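What follows is one structure encoded as C-alpha cells, with my remarks underneath.
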Amino acid sequence: MKNKVDIQGDKLIVAPQGLHKIWALKGQITLPLSHVRGATLDNGMLLENRGLRLGGTAIGGYYAGTFVKAGEKVFYNANLKDQVVVITLRDEDYTSLVLGVENPRKLVDEINSQLT
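If you count the sequence shown from 1, position 17 lands on 17 in UniProt numbering, and the numbers rise without skipping.
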C-alpha cells in the first residue's frame with residue numbers, strides 16, 4: 001500500500017507508507033474536509049503530462065512527489081499498476097492529490113459521502 005487515507009472528524013489525512021514517504025518527500029498531508037471538492041477514480045492522470053517535478057521520483061511508471069503544470073501543483077504517489085484515486089482540492093497548496101490506495105472505490109465513496 002502506497003498511501004493510507006483517513007477521515008478523522010473534519011480532517012482528511014493522507015500518509016504515504018514505508019519507503020513511499022521518502023520517494024514522495026512527504027510524511028503526511030492533513031487538510032480540512034471543507035477544502036475537498038471531491039474524489040474520483042482516474043487512471044488517465046498517470047498517462048497525462050505531469051509537468052515539472054519539483055521533488056520526488058518518476059521512474060518505471062511510478063510517480064511520487066510534487067509536480068507543477070500550468071501553475072497548478074499536484075501531489076502524486078501512484079504507479080501505472082494502481083487504480084488511481086484523484087482527490088480535487090480548493091484553497092490548498094495542491095489542486096489535487098493522485099494516489100494509489102487499497103480499496104480505491106471504497107475510499108472514493110467514503111470521501112464523497114462526507115461532502116454531501
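Positions of the beta carbon are idealized from the N, C-alpha and C atoms, including for glycine. If you're wondering where the values come from, they're calculated on a predicted model, not measured in any experiment.
Residue i and residue j: beta carbons closer than 8 Å?
i: residue 67; j: residue 26; result: no
i: residue 36; j: residue 80; result: no
Return the first residue and the last residue of the beta strand (DSSP E) that residue i is part of.
i: residue 34; result: Neither: residue 34 is in no beta strand (DSSP E) and is coded neither H nor E.
i: residue 2; result: From DSSP, residue 2 is part of no beta strand (DSSP E); its letter is neither H nor E.
i: residue 12; result: 11 to 16
Determine the extent of the alpha helix (DSSP H) in which residue i is found, giving its start and end residues.
i: residue 109; result: 104 to 115
i: residue 21; result: 20 to 24
Could you give the distance in angstroms between the alpha-carbon of residue i and the alpha-carbon of residue j?
i: residue 18; j: residue 70; result: 31 Å
i: residue 31; j: residue 11; result: 6 Å
i: residue 4; j: residue 86; result: 14 Å
i: residue 16; j: residue 99; result: 9 Å
i: residue 44; j: residue 28; result: 24 Å
Comparing C-alpha positions only, which one of the options sits nearest to residue i?
i: residue 64; options: 112, 97, 114 and 87; result: 97
i: residue 20; options: 112, 54 and 58; result: 58
Based on the DSSP secondary-structure assignment, which residues constitute the bridge partners of residue i?
i: residue 101; result: In DSSP, residue 101 forms no bridge with anything.
i: residue 88; result: 38 and 96
i: residue 117; result: No answer is possible for residue 117: the residues shown for the chain start at 1 and end at 116.
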